[in-house]
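Below is one structure, written out as structure tokens; the observations come after it.
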Amino acid sequence: MGIKGAAWATLLSGGIELILLASYLYGRKHLLAFNFKTVVTVCNRKDIQRFLKLSLPITFNHLAWAGGIFVYHAIIGQLGVNGLAAMSVITPIESLSLAMLIGISNASAVFIGNLLGANKNDEAYLKAWAFSLINLGFALLTVCVMFLIKQPLLTLFSGLTQDVRALTGHFFDIFAVILVLKSIPMVMIVGVLRAGGDIKFCFYQDIIAQWMIGIPVTAFCAFVLHFPIEWVYALVGLEELIKWFTSSFRVHSRRWINNLVA
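The working numbering runs 15 ahead of the 1-based position in the sequence shown.
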């Protein structure tokens, strides 16, 4: 079935995941195994307003970020078919490489949220920096593993031309640096700032770093200055470098420390 088969397999795996998750929740009578009566009970105006106040900025944040990623890919695609092909190889490698860092960031959010809920603000502040360093350490470890398996991994994509394979190798090396840059902002945004309800800062930071700086600079260098495609791809990491400093400053300021359950 070729590409169509891969698409159907992706859809099928998503359906199986949903069924397994629902079976686990309702089989174990988990707290999240809600029913219609529960939904009606908790859906009062005050709670809905509070929920929307927190969720809508995060939703728009994700939409804006996803749109920015699409634009980055479009810029690379405008520079030639080889760049787009190389990006199609790097994207799944990127997802796999980020899995551990995303997991640590989400776990950090739970941990930090519990500490803030217990009014252990000083401990939450110290743990925020600790989790950031842990994520950085795992990023460096991931990069080491990536370079160990680089050639065997690229060999799996046997349909690539020699030029695309060479370009993909360059993208691979550049992404290794971007991965390290992502490690600190990721845990600080997902695991610390949002855990404290500092969602507006996260939203504005992403808009400024990505849409007002990262994308315009990348597009300018690609279409006006005619930078080599490797340099253009490297500029994707510019927003992560900016967020590295701005997120660190925000965490240091302690302005994110809020008890959301009080």
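Backbone N, C-alpha and C fix where the C-beta goes; we use that ideal spot for every residue, glycine too.
Here N121 is exposed: its Cβ has fewer than 16 other Cβ atoms, across all protein chains shown, within 10 Å. Here E138 has L130 as same chain residues with Cβ atoms under 6 Å from its own Cβ, once five neighbours each way along the sequence are excluded. In terms of Cβ geometry, I164 and K142 do not form a close pair [threshold 8 Å]. Assignment of alpha helix (DSSP H) within the segment 186-234, counting only whole runs of 4 or more residues, yields 214-221 in chain order. Annotation: L113 to G252 spans about 14 Å, alpha carbon to alpha carbon. The continuous alpha helix (DSSP H) containing P167 extends over residues K165 to T170. For N274, the secondary structure class from DSSP, reduced to helix, strand or coil, is coil. Cβ-Cβ distances below 7 Å link I105 to T183, F186, F187 and F190 in the same chain, with the five nearest sequence neighbours on each side left out; the list follows chain order. In the DSSP annotation of this structure, the continuous segment of the alpha helix (DSSP H) that includes P107 starts and ends at V96 to G132. Around the beta carbon of C217, 16 or more other beta carbons sit within 10 angstroms, so the residue counts as buried.
By the CB criterion at 8 Å, D221 and A79 fall inside the cutoff.
Proximity to K258 across V276, M227, C236 and F238 peaks at M227, based on C-alpha coordinates.
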